[in-house]
Every structure is written in C-alpha cells, then in structure tokens.
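K.L.:
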Amino acid sequence: PNLIFRPSLSPSLNLKRGLAGHSKWHNIRFKKAANDAKRSARLSKLAKEVSVASRLAGGDVTNPRLAVAIDRARAANMPKANLDAAVERGMPGSRDQEKLEELTYEGNVGTIAVLVKALSDNRNRTVANIKHYFSKAGGAMGGPGAVAWMFDRIGFIEVRAGGGGEPAEASEDDVSEWLMELSMEAGADDFDAELEQAERRGGHEGTLVVADPKDLMQVQAAVAAVDGVELLGFGFRDRPKDDALVDIDAGAGEALQGLLDMFDEDADVSEVAHNVRSVADEA
C-alpha cells in the first residue's frame, strides 16, 4: 500500500502571506537556514544508522544492513570523511561503539497504530520525548508488542524505467507490466507503482518489495544489471499487514501528520511506520 504520510526530508514553510518589513532576501535566508538545519538533522540520523550497522556487521561493508546504510548516506551527499568516521565508530575497539542503542516504541493515535525505531545514546531522554509526542497528538505510547504484530519487516528497492531497456513505443500500461515482470525475474515478491522515499520526478516509477530482508542485496544486484532501469534507492522498513490497515478522516490525518512531523524533527528517531491506508477528504 502507498503510505501517504512519511516524515518529510525537507521543511515545509508556511510563507503564503508576506510579512510587512520582510524582504525577499530575508525569506530566502530563512528558508535556506531551515533547509540547512533539516539536512544536518538528516545526516546526523544517517550517521547513527551507519555506526550501528557497522557495529552489528563488524565493519563488513558487504553486510546488507551496512551496505544499505552507506548507500543512503552517500545518496544524501554525506561527506566522505564523515561517512568513514561513522563506519569507524562502529568498529570493534571504538570508544563510541557501545553508546548507541537500538530502541523500538509502539503506540496509538485512535485507531492508528504507530511503530517507531530510534537510535539513541540516552534512552531516558528518548522515551520521554516519544511519550510526549504521542500525548501531544492525542494518543498514547503502549508497551512492547502493542502494535508490532501488525507489521512485517521487508526490504524495498525503488526504480524508474528509462534509458532504452523498456519496450520501444510502449504504452504506460506496457511499461508498468514490464517493470512488474522484471521485478519477479529479479526475485522480488511484489511491485508497487508508488515510491517509498525518493521524490517522484515523473515517468514510470515504482517499488519492488522483498519479503525477506536478507534477500535485498541479491535482488538489488539483479535489478541494477537490467538495462533501462534507474535505481533510485533501497532499504528496509516495517510494512503494515493488509488486515491491519485503517482508513481515517481528515481530522485524524492532521493529528497523524503532526505526530510524524515531531518524529521527523527528533534526532534520535530513525524510522516511523503506521497502518493508515487512506485519509478521507475534508467535508
């Protein structure tokens, strides 16, 4: 399913009304500062994931989780020195190796189930923040197992057709069918015409779903070898089970978006999943 809410990777500033005495340059600087802060927070989260993945993999860059973490850091234009330092922090013997913990939190906002992953060097701070976010959104944090059973951990690969490999003079349906066929041939379990994380730029795009995360790198290599397919990104996420999906009204949608925005701004939060299928239009 297409998850319509995700923590944004760039800020959404409400600048629809100009303020008296505020020049165009002021607004540009304000927007750039906000973007720079957002990018810094994003890189900090990615560096944490690289360090934890490096620790679990013992620094082996062929390990799927570490390979994915490094790929995402490079895609975000993390400086090489910073990336190397993040890998080094996870290596055996590093003084920083034991500081980061992987934490999982579960909660609800009405009928909405929310699963949160965090990487933290201070679990007391992190749990207090997560509880506050749920409460502010009108929900509550639950205990272990409260909603985790509603999700499956999967791998995903985002792709775009183009470059000559797709059928010549093909219709949109033909190209979509071609992408689905090559997905199955590459070893994926499903294909979704939506994107997980990459920005949609037009054309024939979609996401390959890999049910068993340990198969992700094998499928990714098979897809990368196909002419006419641009690899946009790959990674892991928690996907809600079909029988756990819910449809919500516009008010609940606003509450969820507010919660996701708070998670997005928290440097400890690395992933968020929810079980919303659709949000009704405001009456």
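First residue of the sequence shown: 148, per this note's numbering; consecutive thereafter.
Glycine is no exception: its CB is placed at the ideal position from the N, C-alpha and C atoms.
Report yes if the C-beta distance between Glu253 and Val294 is below 8 Å; otherwise report no.
P.N.:
A contact, by the Cβ cut-off of 8 Å.
K.L.:
To the nearest angstrom, report how far apart Met225 and Val274 are at their CA atoms.
P.N.:
Their Cα atoms are separated by approximately 28 Å.
K.L.:
Per DSSP, what kind of secondary structure is Gly206 in: helix, strand or coil?
P.N.:
The answer is coil: DSSP assigns Gly206 none of H, G, I, E or B.
K.L.:
Taking all protein chains shown into account, do 16 or more other C-beta atoms lie within 10 angstroms of the C-beta of Asn422, making it buried, or fewer, making it exposed?
P.N.:
It counts as buried.
K.L.:
Determine the contact status of Ser417 and Leu266, defining contact as a CB-CB distance below 8 Å.
P.N.:
Result yes, Cβ atoms of Ser417 and Leu266 sit closer than 8 Å.
K.L.:
Per DSSP, what kind of secondary structure is Val393 in: helix, strand or coil?
P.N.:
If DSSP states are grouped into helix, strand and coil, Val393 belongs with the strands.
K.L.:
I believe Pro298 touches Ala223 by the beta-carbon criterion, under 8 Å. Please report the beta-carbon distance rounded to the nearest angstrom.
P.N.:
It should be noted that the sequence gives Phe, not Pro, for residue 298. Not a contact, Cβ separation roughly 25 Å.
K.L.:
Run the CB neighbour count on Gly144, radius 10 Å, all protein chains shown included, and call it buried at 16 or more, exposed below.
P.N.:
The requested residue 144 does not occur in the structure, where the chain is confined to residues 148 to 430.
K.L.:
Who does His421 pair with in a DSSP beta bridge?
P.N.:
Bridge partners of His421: Val261.
K.L.:
Which same chain residues end up closer than 6 Å to Gly400 when comparing Cβ atoms and leaving out the 5 residues on each side of it in sequence?
P.N.:
So the qualifying residues of the chain are Val426.
K.L.:
What three-state label does DSSP hand Ala284 in the structure shown?
P.N.:
If DSSP states are grouped into helix, strand and coil, Ala284 belongs with coil.
K.L.:
Compute the Euclidean distance between the alpha carbons of Leu378 and Arg307, then round it to the nearest angstrom.
P.N.:
About 7 Å.
K.L.:
State the CB to CB distance for the pair Leu247 and Asp268, rounded to an integer number of angstroms; the pair is presumed to be in contact (CB under 8 Å).
P.N.:
Yes, they are in contact, since the Cβ atoms of Leu247 and Asp268 sit about 6 Å apart, within 8 Å.
K.L.:
Closer than 7 Å by C-beta to Ser241: which residues in its own chain qualify, once you throw out the five before and the five after it? Chain order, please.
P.N.:
Once the five neighbours on either side are set aside, the close Cβ partners of Ser241 are Glu235.
K.L.:
In the DSSP output, which residue or residues are listed as bridge partners for Ala308?
P.N.:
BP columns for Ala308 point to Val376.
K.L.:
Mind pulling the beta strand (DSSP E) runs of 3 or more residues that sit fully within the segment 218 to 245?
P.N.:
Listed in chain order, there is nothing to give.
K.L.:
Rank Gln365, Asn255, Ala358, Thr209 by C-alpha distance to the C-alpha of Pro291 and give the top, closest one.
P.N.:
The shortest C-alpha separation from Pro291 is found at Asn255.
K.L.:
Rounded to the nearest angstrom, how far is the Cβ of Asp413 from that of Asn276, given a contact under 8 Å?
P.N.:
Confirmed, about 6 Å.
K.L.:
Is the CB-CB distance between Val357 and Asp336 below 8 Å?
P.N.:
Yes; because the gap between Cβ atoms is below 8 Å, this pair is in contact.
K.L.:
To the nearest angstrom, how far is it from the Cα of Gly353 to the Cα of Glu305?
P.N.:
Cα to Cα, Gly353 sits roughly 6 Å from Glu305.
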